[in-house]
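Participant: Residue numbers (full-length UniProt numbering): 1 to 164. C-beta atoms are modelled at their ideal positions from N, C-alpha and C, and glycine is treated no differently. Structure provided below as structure tokens; questions to follow.
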């Protein structure tokens with residue numbers, strides 16, 4: 001009967017047999033070798049790459065795709081400028097900020113003074129940040145009560161500001 005059923009359809013058994021043959025053939029090569037063979041012959045393939053493959057990519061190295069960032073915990077390699085020819089479009093990568101490092105700046109943007117346990121619960125910001133908020137937002141569970149919250153005079157929760 002050949003590779004097809006009587007009606008000319010390929011069966012699941014035949015597909016599995018083909019998959020085994022293709023896997024055995026391709027298993028002889030490394031990903032980089034298959035990519036070069038495909039490029040030479042005009043065949044479109046896309047390898048599944050892991051982090052090590054990406055970090056060792058000659059193409060990414062030539063494009064300065066990765067940058068090294070030094071942080072207190074050590075040095076890290078991070079993806080950076082994904083497009084070449086426009087360096088002004090990218091800010092040099094930096095380590096992640098420490099917990100709370102920008103707290104006062106963020107609170108200033110929210111138009112509120114830094115929150116302390118003795119903060120005035122009736123103070124409203126110049127621009128109401130909680131329009132449309134409903135009382136009890138957050139579910140009121142045990143974890144919710146363990147975190148400081150900012151309530152305005154009308155009892156609307158405007159967001160969890162600080163976690164302990």
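Near residue 58, what residues of its chain come up, given a Cβ to Cβ distance below 7 Å and the 5 sequence neighbours on each side ignored?
Facilitator: none
Participant: Could you tell me which of 16, 66 and 52 sits nearest to residue 83, measuring between CA atoms?
Facilitator: 66
Participant: Rounding to the nearest angstrom, what Cα-Cα distance links residue 68 and residue 95 in this structure?
Facilitator: 10 Å
Participant: Can you tell me where the alpha helix (DSSP H) with residue 23 in it begins and where it stops?
Facilitator: 12 to 26
Participant: From residue 45 to residue 88, what does the alpha carbon distance come to, in whole angstroms?
Facilitator: Computed Cα separation, rounded: 33 Å.
Participant: Which partner residues of residue 68 appear in the DSSP bridge assignment?
Facilitator: 77
Participant: Please go through the same chain and pick out, in chain order, the residues whose beta-carbon is closer than 6 Å to the beta-carbon of residue 76, but skip the five residues on each side of it.
Facilitator: Answer for residue 76: 69, listed in chain order.
Participant: Cα separation between residue 72 and residue 99?
Facilitator: 13 Å
Participant: If you run the structure through DSSP and keep just helix, strand and coil, what is residue 32?
Facilitator: Of the three classes helix, strand and coil, the one that applies to residue 32 here is helix, per DSSP.
Participant: Would you check if the distance between the CB atom of residue 47 and the CB atom of residue 34 is smaller than 8 Å?
Facilitator: yes
Participant: Could you check where the alpha helix (DSSP H) with residue 60 kicks off and where it finishes?
Facilitator: Note, residue 60: alpha helix (DSSP H), 58 to 62.
Participant: In three-state terms, what does DSSP make of residue 41?
Facilitator: Residue 41: helix per DSSP, three-state reduction.
Participant: Mapping DSSP to helix, strand and coil, what is residue 49?
Facilitator: In the three-state reduction of the DSSP assignment, residue 49 falls in the coil class, being assigned neither a helical nor a strand state.
Participant: Can you tell me whether residue 8 sits near the ligand MN, meaning its C-beta is under 7 Å from at least one heavy atom of the ligand?
Facilitator: Looking at this structure, you won't find the ligand MN or any other ligand, since it has none at all.
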